[in-house]
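**Student:** One structure coming up, written as structure tokens, with questions to follow.
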Ligand code: BGC
């Protein structure tokens, strides 16, 4: 081992993360309503091999086993999300008591085995019934989301201190409302702009609601990040535009800076969807921001991609080392992004709420020798130590993910877990990387 747990500081938070739709299964059990992800993945042609999350890893029934696995690897923190349609099957109004109970059981089990729960309020699976009314493209989302957030923070707030309002708003707005590759499968820049604006409003409003209901709460929200570079010097401006799109359109409004129109001119048209006072309403004094980092993105200028006028040059096209999802393994980018986000005035704390990689894991005599993943963790954790030496504080690190799970439109193929799941019988096996953490964190 190249470093010890103590190098990161005594109070450093070590955890693993997961999300409701990717793990729970039980898609229509005990009164749960349909979510956009149920609808999208049950529709033929949307997901690789037509897989769906109907059963996923069956966390709904196996949560105790999974929490004990987490504990056995010496982690002390667990990040998971709530399924909105399990609690409000109709989106708003009537509560499904059995759904509410499920999360009490998960939280209680965490507390019983001395694992600290970190709750993400929204990780992409809103009720389908709200999508029929436009979902994130409808400004009413702010009222719907407020009702949901108000309920869950009052219900669980006396047991849960750590809250994250949204998971990667960039991912669900780009993929779900512009490109149509993820639920709800909508396309077009108008849908995208509306979804972005309403997500920004909810991000801050959610923060205010949790603050009111849980005064002692530690409140954050999480951001997808990627280190963006131009392929050549001629592509610098293209890289700046892509960077504004990927790294700035949710953090900057939350800090009261508005949209990054300076680099991405089409954002000037956001005004069409804004009401007086919205710049102020998008602002919230978060206790921390969650950074989620996976890979670097290299771009070149392109006249064929409207609005950003930039196009990705994939890892494969460049012939560099990549994971199963064609993401380039690039720890230096992780360092650069931590540095950059920490320099925003108004960012109080940074927690890495997701980092990890998918490789083609195979079982060998009941063992999974995922050495590449261990190297990935080592190289990325080293960047945290490097930045801490420069007196930039990073408060914690959550591995994505506790177990292998349903990787959205890619189905079960990409495996991110510290724990391997055999999808034939849902048996779990701790991978070598999980054992590596066990040793590190002992
Ligand atoms: C998401 C996860 C996803 C992971 C790996 C993140 O963008 O929050 O839900 O599984 O990346 O692709």
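In the numbering used here, the protein residues as written are 24 to 465.
Here a beta-carbon is modelled for each residue, glycine too, at the ideal position from N, C-alpha and C.
Would you decide whether residue 403 is buried or exposed? Buried here means 16 or more other CB atoms lie within 10 Å of its CB.
**Tutor:** buried
**Student:** Which whole-angstrom value describes the C-beta separation of residue 166 and residue 106, a residue pair presumed to lie in contact below a C-beta threshold of 8 Å?
**Tutor:** With a Cβ gap of about 20 Å, residue 166 and residue 106 do not count as contacting.
**Student:** Out of 316, 168 and 179, state which residue places its alpha-carbon closest to the alpha-carbon of residue 224.
**Tutor:** 168
**Student:** Using the Cα positions of residue 437 and residue 307, report the straight-line distance between them to the nearest angstrom.
**Tutor:** As the crow flies, the alpha-carbon of residue 437 is around 35 Å from that of residue 307.
**Student:** Classify residue 64 as helix, strand or coil using the three-state DSSP reduction.
**Tutor:** helix
**Student:** Identify the continuous beta strand (DSSP E) that holds residue 38 and give its terminal residues.
**Tutor:** That run of the beta strand (DSSP E) goes 36-40.
**Student:** Taking DSSP as the reference, what is the three-state secondary structure of residue 470?
**Tutor:** Residue 470 is absent from the model: the chain starts at 24 and stops at 465.
**Student:** Please list the terminal residues of the continuous beta strand (DSSP E) segment that includes residue 445.
**Tutor:** For residue 445, the enclosing beta strand (DSSP E) covers residues 442-445.
**Student:** With contact counted as at least three CB pairs below 8 Å, one residue from each stretch, are the region 356-371 and the region 420-434 in contact?
**Tutor:** no
**Student:** Of the choices 279, 317 and 299, whose alpha-carbon is the least far from that of residue 305?
**Tutor:** Comparing Cα positions, the closest option is 279.
**Student:** Please name the residue in 379, 218, 204 and 189 whose C-alpha comes closest to that of residue 157.
**Tutor:** 218
**Student:** For residue 115, which residues in the same chain have their Cβ closer than 7 Å to its Cβ, ignoring the five residues on either side in sequence?
**Tutor:** 167 and 170
**Student:** Taking 9 Å as the cut-off, decide whether the C-beta atoms of residue 396 and residue 270 are in contact.
**Tutor:** no
**Student:** Taking three-plus beta-carbon pairs below 8 Å as touching, is the region 136-143 in contact with the region 56-68?
**Tutor:** The region 136-143, when compared against the region 56-68, does not touch it at the 8 Å Cβ threshold.
**Student:** Report yes or no: do three or more beta-carbon pairs, one from the region 243-250 and one from the region 284-295, lie closer than 8 Å?
**Tutor:** no
**Student:** Quick one, which of 232, 352 and 328 has its alpha-carbon nearest residue 339's?
**Tutor:** 352
**Student:** Between the beta-carbon of residue 97 and the beta-carbon of residue 465, is there less than 9 Å?
**Tutor:** Yes. Within cutoff.
**Student:** Where in the region 83-162 do unbroken runs of the alpha helix (DSSP H), each at least 4 residues long, occur, reported from the N-terminal end onward?
**Tutor:** 107-110, 120-135 and 151-154
**Student:** How big is the Cα-Cα spacing for residue 500 and residue 388?
**Tutor:** As shown, the chain starts at 24 and ends at 465. That puts residue 500 outside it, with no answer to give.
**Student:** Tell me the rounded alpha-carbon separation between residue 421 and residue 39.
**Tutor:** 5 Å
**Student:** Given residue 103, which residues of its chain have a CB within under 6 Å of its CB, disregarding the five upstream and five downstream residues?
**Tutor:** 41
**Student:** Look up residue 239 in the DSSP assignment and say whether it is helix, strand or coil.
**Tutor:** coil
**Student:** Classify residue 428 as helix, strand or coil using the three-state DSSP reduction.
**Tutor:** In the three-state scheme derived from DSSP, where H, G and I count as helix and E and B as strand, residue 428 is classed as coil.
**Student:** Inspect the beta-carbon positions of residue 333 and residue 265 and report whether they are closer than 9 Å.
**Tutor:** Their beta carbons are under 9 Å apart, which means residue 333 touches residue 265 by this criterion.
**Student:** State yes or no: is the C-beta of residue 254 nearer than 8 Å to some heavy atom of the ligand BGC?
**Tutor:** no
**Student:** Please list the terminal residues of the continuous beta strand (DSSP E) segment that includes residue 419.
**Tutor:** Per DSSP, residue 419 is one residue of the beta strand (DSSP E) stretching across 419-423.
**Student:** Hey, quick one: how far does the alpha helix (DSSP H) through residue 361 stretch, first residue to last?
**Tutor:** 354-365
**Student:** Could you check whether the Cβ of residue 58 sits closer than 8 Å to any heavy atom belonging to the ligand BGC?
**Tutor:** no
**Student:** Considering only their Cβ atoms, is the gap separating residue 176 from residue 233 smaller than 9 Å?
**Tutor:** yes
**Student:** DSSP beta-bridge partners for residue 205?
**Tutor:** DSSP, once it has assigned bridges, lists no residue as partnering residue 205.
**Student:** Is the Cβ-Cβ distance between residue 50 and residue 77 less than 9 Å?
**Tutor:** yes
**Student:** Which residues share a DSSP beta bridge with residue 403?
**Tutor:** Answer by DSSP bridge pairing: none, since residue 403 is not bridged.
**Student:** Mind checking residue 315: buried by the 16 CB within 10 Å criterion, or exposed?
**Tutor:** buried
**Student:** Is the CB-CB distance between residue 127 and residue 86 below 9 Å?
**Tutor:** 9 Å or more divides the Cβ of residue 127 from the Cβ of residue 86.
**Student:** Can you give the beta carbon distance from residue 133 to residue 90, rounded, assuming they're within the 8 Å contact cut?
**Tutor:** 6 Å
**Student:** When the Cα atoms are used, what is the spatial distance from residue 440 to residue 423?
**Tutor:** 7 Å
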